[in-house]
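Inspection log for the structure reproduced underneath, given as structure tokens.
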Amino acid sequence: MLAFKEFLVARFLPFLQWLPELKDGKILRADLLAGITVALVLIPQSMAYAQLAGLPPYYGLYAAFMPPMIASLFGSSRQLATGPVAVVSLMTAAALEPLATAGGDAFIAYAIMLSIIVGLFQMSLGLLRLGVLVNFLSHPVVVGFTNAAAIIIATSQLSKIFGVSVEKMPHHYETVWNVLVAAAESMHWPTFFMALLAFSIMIVTKKVNPRLPNVLIAVVITTVLSWVIGFQQLQTINHAQIASTGIQQQVQAQLDMRGKFEELSTQILAADKSYQQIIKDTSPNSLLTLEARYQLENLKLQRSQLKNDMKTSLKKLQTEELHFVAAANAEVKASADDANIKQINGKLYNQADLPENAEAAAWKVHKIDAEGNLLMLSGGKVVGMIPSGLPAFKMPSFDFSTMLQLLSTAIVISLIGFMEAISIAKAMAAKTRQKLDANQELIGQGMGNIMGGLFQSYPTSGSFSRSAVNISAGAITGFSAVVTSIVVIITLLWLTPLLYHLPQATLAAVIMMAVIGLVNVEAIKHAWHANKHDGSVSIITFVLTLAFAPHLDKGIMIGVILSLMMFLFRRMAPRVLFLRRGENKAYEVIENCKDCEDEKVGVLRFEGSLYFANISYFEEKVQELLVNRPKLSYLIVEGVSINEVDASGEEMLRAVVHSLNDANVEVLFSRVKTPVRNMLEHTGFIAMHGEDKFFRRPEQAFAYIEAQEEAAEAGAA
1 MLAFKEFLVA RFLPFLQWLP ELKDGKILRA DLLAGITVAL VLIPQSMAYA
51 QLAGLPPYYG LYAAFMPPMI ASLFGSSRQL ATGPVAVVSL MTAAALEPLA
101 TAGGDAFIAY AIMLSIIVGL FQMSLGLLRL GVLVNFLSHP VVVGFTNAAA
151 IIIATSQLSK IFGVSVEKMP HHYETVWNVL VAAAESMHWP TFFMALLAFS
201 IMIVTKKVNP RLPNVLIAVV ITTVLSWVIG FQQLQTINHA QIASTGIQQQ
251 VQAQLDMRGK FEELSTQILA ADKSYQQIIK DTSPNSLLTL EARYQLENLK
301 LQRSQLKNDM KTSLKKLQTE ELHFVAAANA EVKASADDAN IKQINGKLYN
351 QADLPENAEA AAWKVHKIDA EGNLLMLSGG KVVGMIPSGL PAFKMPSFDF
401 STMLQLLSTA IVISLIGFME AISIAKAMAA KTRQKLDANQ ELIGQGMGNI
451 MGGLFQSYPT SGSFSRSAVN ISAGAITGFS AVVTSIVVII TLLWLTPLLY
501 HLPQATLAAV IMMAVIGLVN VEAIKHAWHA NKHDGSVSII TFVLTLAFAP
551 HLDKGIMIGV ILSLMMFLFR RMAPRVLFLR RGENKAYEVI ENCKDCEDEK
601 VGVLRFEGSL YFANISYFEE KVQELLVNRP KLSYLIVEGV SINEVDASGE
651 EMLRAVVHSL NDANVEVLFS RVKTPVRNML EHTGFIAMHG EDKFFRRPEQ
701 AFAYIEAQEE AAEAGAA
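So for the sequence shown, the UniProt record's numbering puts the first residue at 1; every next one is plus one.
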């Protein structure tokens, strides 16, 4: 009964195992300090990773609020720091960008849905004790993928480092090239120098004192500097204030397309309602139903095409540089919604229509609202307004077709995220001598993603860097993660206004610094030196992940398939050794059997289990031995390396024994392992072939052969 109670606690309430330890004041203080230390790293990192995921930065804080605490309470590892991470953030963006515009309401809703799907999959694997599935992600595949992902993550931040805006292309390398071209033509130098300052602060601080929170220091200094120098300037104008005809037409076209989009959305709702009613009144395959479905799909296609046109049009408009000409006695006042946004009377002109009295500062269109008001941006970009308060508990709406589209990516994110988390947890458990349960960790990670999704989080996982900070800061129990979440709660409730002027270039620098540690070329070299096949899989995964980016799941899935094919190939053709007894009566390997024709005894060692996929290979090697030794009278099968024989393997052994007996070759078995021997007894193979043909040691087999030969000679005499 006591053992069952301990099992229930460990499985469903694992935090009760470490909670009593907090009565010790030293442990409590250590966890408090560690939790606060991790939070100082997590807060800026989480905002940076949310930006990488295509979400507003404050959604990173939402992802840093619930998942760390839940994963710690219900997971197995005491020191694992869960939250937003680079690779999962990038994969989230890659999965959702084909479905919705980054940062939009639909994109955010899909990210939240993805978190819950990932969590449900992870939790299901944990409850079903299927954590072993992660073994399908072999080390060479993960090494190749991680190196490629690190490069993709770093290069995806170049546009924010250089302060340029380009449209994302179907392939990541095309986008990077366009960013470099745009940077060469019109780099925003204040943004570049702000990023350079952030890099310098983080590098120098880490070198001077690695224990200092270098990310937090860089964030504080660049945020204060951004506020002091007015790094970003925002103004709102009405589209009528744009004097240049071409720009005015682009804005009007954008407004017209938005109106058409809303009209199509209304038509789609009505068409869908009509379609559902027709199905009820007739049948799913009736002519009326098919016509209604065609009309519905046609409207959806029109809306999808219009959405792409709107996105392309807005991107083009946002590249236009406009200059302001203030009206006489123009009054500058703050916006009612945001004191940092100014409203001013005047006109905006592009380069072609620029009057002499225009201001030098260049302005770009940042956003357009439904009434035709434009938010104009000058200077660098900052995080901006962050809503104060905790994210509300909200059940997301589940669209079945969208869930199916996200399912494959969710599975990959689940496995990649868990592999990252469990590898960190194992490394820390080796130091702390803590017992680790991989399936319980799956449950913890899954619950973290589910609860996080219900509080507007996107998918999370265990973090290498923050876990290292946690354990080095002295964390002993999972309470340190609870403290981290409490600090994030305090930040969301009262400290978000301090983050308004945080430059996005700083967040980009934080991401690039974080992923430098993921680049590990030596690991690929090591895989190559260890095994050429594994090295090839690692290199192919690396190249394909880069080539298919931003669709990262394709690269890793091909890598998994290749590694499984290599695994099967090795199992289908394991190493086979032809042996003979040397002068000292020990086995020696026969490399070149030119002088073996006259030998009457052959020894075959099959270094692998015998199962349906390799039985023909075994037969080929036996046949090869017969061809090379025409005088062969005895074949000793060395079973020391055969761990298992399936039904096909047993049937093949029967056939080989019969065919060799017909050829006057006696088959003997030496050093057969106990599980294999037991199976052969159950099937009647040993009874059929003879108990006296099985030997524990090779010497016994050779003694049997010598006795048989002596008996044959005596009989002949």
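We put the CB at the ideal spot given by N, CA and C, even for glycine.
| request: State yes or no: is the C-beta of M257 within less than 8 angstroms of the C-beta of M202? | output: no
| task | Could you have a look at K260 and say whether DSSP puts it in helix, strand or coil? | result | DSSP places K260 in helix when its eight states are reduced to three.
| field | For P503, three-class secondary structure by DSSP | value | strand
| query | Between which two residues does the alpha helix (DSSP H) harbouring W363 extend? | reply | Taken as a continuous stretch (DSSP letters only), W363 belongs to no alpha helix (DSSP H), being part of the beta strand (DSSP E) at 362-368.
| said: For A71 and N531, what's the separation of their Cα atoms in angstroms? | reply: 37 angstroms
| query | Going by the CB atoms, is the gap between I539 and L562 shorter than 8 angstroms? | reply | no
| Is the region 131-149 touching the region 165-176, taking contact as three or more C-beta pairs under 8 angstroms? | Flag = no, the region 131-149 and the region 165-176 do not touch.
| task | Throw me the rounded Cβ distance for the N350 and S186 pair, which I believe falls under 8 angstroms. | result | Not really, about 14 angstroms apart at Cβ, beyond 8 angstroms.
| Proximity of V537 and L137 at Cβ, strictly below 8 angstroms | no
| message | Do G380 and Q276 have their beta-carbon atoms positioned less than 8 angstroms apart in this structure? | response | no
| message | Tell me the residue span of the alpha helix (DSSP H) that contains V622. | response | For V622, the enclosing alpha helix (DSSP H) starts and ends at 615-628.
| query | Count the other CB atoms within 10 Å of the CB of Q440; is the residue buried (16 or more) or exposed (fewer)? | reply | buried
| query | Taking the C-alpha atoms as reference points, what is the distance between S46 and L507? | reply | 9 angstroms
| query | Excluding five sequence neighbours on each side, which residues of the same chain lie with their C-beta closer than 7 angstroms to the C-beta of L378? | reply | Reading the sequence as shown, one finds Ser at residue 378 and not Leu. Answer for S378: Q233, A361, A362, W363, listed in chain order.
| task | Take H551 and list the residues in its own chain whose beta-carbon comes closer than 7 angstroms to its own, dropping the five residues that flank it on each side. | result | A94
| said: The beta strand (DSSP E) that contains N664, what's its start and end? | reply: From DSSP, N664 is part of no beta strand (DSSP E); its letter is neither H nor E.
| task | Find out if the Cβ-Cβ distance for the pair L90, F479 is shorter than 8 angstroms. | result | No; because the gap between Cβ atoms is not below 8 angstroms, this pair is not in contact.
| On the three-pair Cβ rule with 8 angstroms, is the region 101-111 touching the region 471-491? | Between the region 101-111 and the region 471-491 there are fewer than three inter-stretch CB-CB distances shorter than 8 angstroms, so the stretches are not counted as touching.
| query | Do you know whose CA, among M566, Y617, V601, lies nearest A573's CA? | reply | With distances taken between Cα atoms, A573 lies closest to Y617.
| query | Is V645 helix, strand or coil by DSSP? | reply | In this structure, V645 counts as strand in the three-state DSSP scheme.
| message | Quick check: what's the CA-CA separation for E359 versus F324? | response | 6 angstroms
| query | Roughly how many whole angstroms lie between the Cα atoms of L626 and V656? | reply | 12 angstroms
| Buried/exposed call for H529, threshold 16 Cβ in 10 Å | exposed
| Leaving out the 5 sequence neighbours to the left and right, which residues in its chain are closer than 7 angstroms to L197 when beta-carbon positions are compared? | T222
| Looking only at C-alpha atoms, which of V601, L544, N614 sits nearest to R571? | Ranking V601, L544, N614 by Cα distance to R571 puts N614 first.
| Hey, would you say T402 sits closer than 8 angstroms to L80, going by beta carbons? | no
| field | Alpha-carbon to alpha-carbon, F400 and T683 | value | Looking at the two C-alpha atoms, the distance is approximately 50 angstroms.
| request: Please name the residue or residues paired with T484 in a DSSP beta bridge. | output: Paired residues: none, contrary to the question.
| Is it buried or exposed for R697, if we count other Cβ within 10 angstroms and need 16 for buried? | exposed
| Does the distance from the CB of L158 to the CB of V176 come in under 8 angstroms? | yes
| query | Any idea if I516 is buried or exposed, counting beta-carbon neighbours within 10 angstroms, 16 or more meaning buried? | reply | exposed
| Should L73 and F15 be called a contact, given that it needs their Cβ atoms to be closer than 8 angstroms? | yes
| For Y634, which residues of its own chain have a beta-carbon under 6 angstroms away from its beta-carbon, when the five flanking residues on both sides are left out? | V601, E666, I705
| said: Taking only three categories from DSSP, how would you classify Q351? | reply: helix
| task | Would you please state the rounded distance, in angstroms, between the beta carbons of S457 and P57? I believe it to be under 8 angstroms. | result | Contact flag wrong, Cβ pair sits at about 14 angstroms.
| query | Hey, out of A509, I558, G649, whose CA is closest to F612's CA? | reply | G649
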